[in-house]
């Protein structure tokens, strides 16, 4: 069986479908999984083990046999914990076949084959009875079906079904309950991920202001949760307006309802401000008494307890439909609405007609009507709202634009055409794909620019002289940014587009940016290394089979490739100086031959070399550049500040070296190759 996989093609700027072998999908799933991260989560594993031991003991004390149902067993870890705690039998359900096969091997290797039966099915297909998958219903239900939002992986319908068909009434459950907490905050930084702020442009006769259309201002956005490592958000970037309150709880030992519903809590702001954001996280009690607790609370909530780093469970940022001014001490109601898989929030001011008002909670999921939230993801909103970045483009455009400039912009969902018009270009055209033009016509209309900027719906290679009123382009601009880009160099599609429109360019054309460069640095990660690190044993159980499986899948293809990560969320320190390794000249067309480089970087600091980070810098004009990666580095310790709007490319080394400060420093050699036929960059590192 063949698998078709979508992949960004940097030479066309499109998502294209490629036929892969039947093993490809499986290897992708394993290589990109968070199994290693979960196995390294000491806090989670210890608490699960304690909770399972306690549940088995309670059942045994009642004089019953302990029969365990483990849904989503993965490696079989939780079932092995139950078996070693004295459970009489465990049914371990795993729907993903390669994972179920691995669980069988791991269970066998650890000597539990007589106590654990691995069932390769979805739990809703499992049968109970003398001829069924399970001989009888279980009296202990163990699961790990949670994501950052708690319910996003379908925990509620899975529990609902299990209680109806697979477990006994009054069963023990590990975890016993989950509780969701919320806090109301004001944050210009996080709010900038949801809406477009006005853009101020200084011009000769005063100031022009680009305002977002009312459709965008009043749009609730998209319902998908924004999950981030909130522990990396500095306290200076938000103001808490309320105390932490409990929003809702789910008791997993009783029948669970998955049908859409809402919960409402009363809030009294502890300070006045603009309510924009609801921050949320959850904890799980592994036992009925709540003594064994595993929490996702961020640093300011439990400042005295050591934080467990994990990437499989983070914290949630929810955007209120609109900003609300709230006063200290006033009575507010916060409503959490949910369906089977997602949660969204509404804030209401208290009114006299309480009961009538209570019925008015909107349980419909938010839908983007302005199209901007479908075009721009949250980091992109943040990027467009970054005033320092916008100033760099304005400064560069001022240098190159003249009153007779004929300007063409090529970038997805960009404000550059508006800036070019405001700064005096005679003729501005914007080359876009169809779905982008729908949204931009709203933006242009709101700013009375419909007849000032011409939207051309065409691919660069199909551009005709008539599109440009038979004029040659004197200024070609791009950020560059394209929605299909996954890795930093995928935005080099601008270079291919520039090549495609070459016949329409004036001989004296100015291209902005004039060039780009690829940069690289060797780093030690504080925690991100865990997602690629073998585990060996976990709570005394041998999970080497899982390590080997991940390694095989990485070797299938992934380990030879870099992967995108937003490094502002994942602290690291530099072990080498940043190095420019390749340059791309946009004043010329894309060459036919490969661009290659080889060299070595010296490790200047003591530390563990986990991998290389790569990013692009765009040289807009003489002495004006924008970086998609490193923004700043404190030289003494090597702590890095990364562009918060972009993902950087991380290439994990297959082995880690410890570097000491030596008179003759250790070096890492590299070979990097840009293939113009594919637009991809291949790399190899030797320690």
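Numbering (my numbering), first residue to last: -15 to 671.
Quick reminder that beta carbons are idealized off the backbone N, C-alpha and C, glycines included.
Cβ neighbour criterion (16 or more within 10 Å) applied to residue 530: Buried, by the Cβ-count rule.
Cβ of residue 166 within 8 Å of Cβ of residue 262? Yes. Within cutoff.
Three Cβ pairs or more, each shorter than 8 Å: is that satisfied between the region 39 to 55 and the region 282 to 292? No: fewer than three Cβ pairs fall under 8 Å.
Kindly indicate which three-state DSSP category residue 178 falls into: helix, strand or coil? In this structure, DSSP gives residue 178 a state outside helix and strand, which the three-state scheme calls coil.
Which residue's Cα is closest to the Cα of residue 408: 97, 388, 3 and 398? When each option's Cα is compared against that of residue 408, the closest is 388.
At what residue ranges does the region 237 to 315 contain a whole run of the beta strand (DSSP E), taking only runs of 3 or more? Listed in chain order, the complete beta strand (DSSP E) runs (minimum 3 residues) inside the region 237 to 315 are 245 to 251, 257 to 269, 277 to 279 and 299 to 310.
Which residue from 330, 362, 361 and 358 puts its Cα closest to that of residue 349? Closest option to residue 349, Cα to Cα, is 330.
For the putative contact between residue -7 and residue 3, defined by C-beta atoms under 8 Å, what is the C-beta separation to the nearest angstrom? Not really, about 14 Å apart at Cβ, beyond 8 Å.
Can you give me the C-alpha to C-alpha distance between residue 106 and residue 475, rounded to a whole angstrom? C-alpha separation (whole angstroms): 40 Å.
Residues that DSSP places opposite residue 626 in a beta bridge: Looking at the DSSP output, residue 626 shares a beta bridge with 614.
Simplified DSSP state of residue 554, which is helix, strand or coil: Residue 554 carries a coil assignment under DSSP once its states are collapsed to helix, strand and coil.
Cα separation between residue 621 and residue 557? Rounded to the nearest whole angstrom, the C-alpha separation of residue 621 and residue 557 is 7 Å.
With which residues is residue 581 paired in a DSSP beta bridge? BP columns for residue 581 point to 656.
Just to confirm the assignment: which complete beta strand (DSSP E) runs, minimum length 3, are found wholly within the region 444 to 485? Correct list: 457 to 461.
Is residue 229 helix, strand or coil by DSSP? The three-state reading of DSSP puts residue 229 in strand, counting E and B together.
When burial is assigned at 16 or more other CB atoms within 10 Å of the CB, is residue 664 buried or exposed? By the Cβ neighbour-count rule, residue 664 is buried, with 16 or more other Cβ atoms within 10 Å of its own.
Can you check which of these residues, 198, 503, 364 and 250, is closest to residue 599 by C-alpha distance? By alpha-carbon distance to residue 599, the top candidate from 198, 503, 364 and 250 is 503.
Residue 567 vs residue 501 beta-carbon contact at 8 Å: In contact: residue 567 and residue 501 (Cβ atoms closer than 8 Å).
Is residue 322 near the ligand FAD, with its Cβ less than 7 Å from a heavy atom? Ligands displayed in this structure: none; no statement on the ligand FAD is therefore possible.
Out of curiosity, what's the CA-to-CA distance linking residue 602 and residue 463? Between residue 602 and residue 463, the C-alpha separation is close to 8 Å.
Rounded straight-line distance, which links the Cα of residue 272 to that of residue 279: Spanning the alpha carbons of residue 279 and residue 272 requires a straight line of approximately 16 Å.
Helix, strand or coil for residue 513 per DSSP? In the displayed model, residue 513 falls within a helix according to three-state DSSP.
Is the separation between the beta-carbon of residue 595 and that of residue 643 shorter than 8 Å? No, they are not a contact pair.
In or out: residue 343 buried (at least 16 other Cβ within 10 Å) or exposed? Confidence at residue 343 is low in this model, with a pLDDT of 49, below 50, so its placement is unreliable and the value that follows should be read with caution. Exposed.
For residue 90, does the three-state DSSP call read helix, strand or coil? If DSSP states are grouped into helix, strand and coil, residue 90 belongs with the helices.
For the beta strand (DSSP E) holding residue 636, just list the boundary residues, first then last. Element bounds for residue 636: 632 to 643.
Residue 44 - containing beta strand (DSSP E), residue span: Residue 44 -> not in any beta strand (DSSP E); alpha helix (DSSP H) instead, spanning 26 to 45.
Let me check one thing: in DSSP terms, what residues is residue 666 bridge-paired to? Bridge partners of residue 666: 657.
Tell me whether the beta-carbon of residue 77 lies closer than 8 Å to the beta-carbon of residue 55. In this structure, residue 77 sits near residue 55, with a CB-CB distance shorter than 8 Å.
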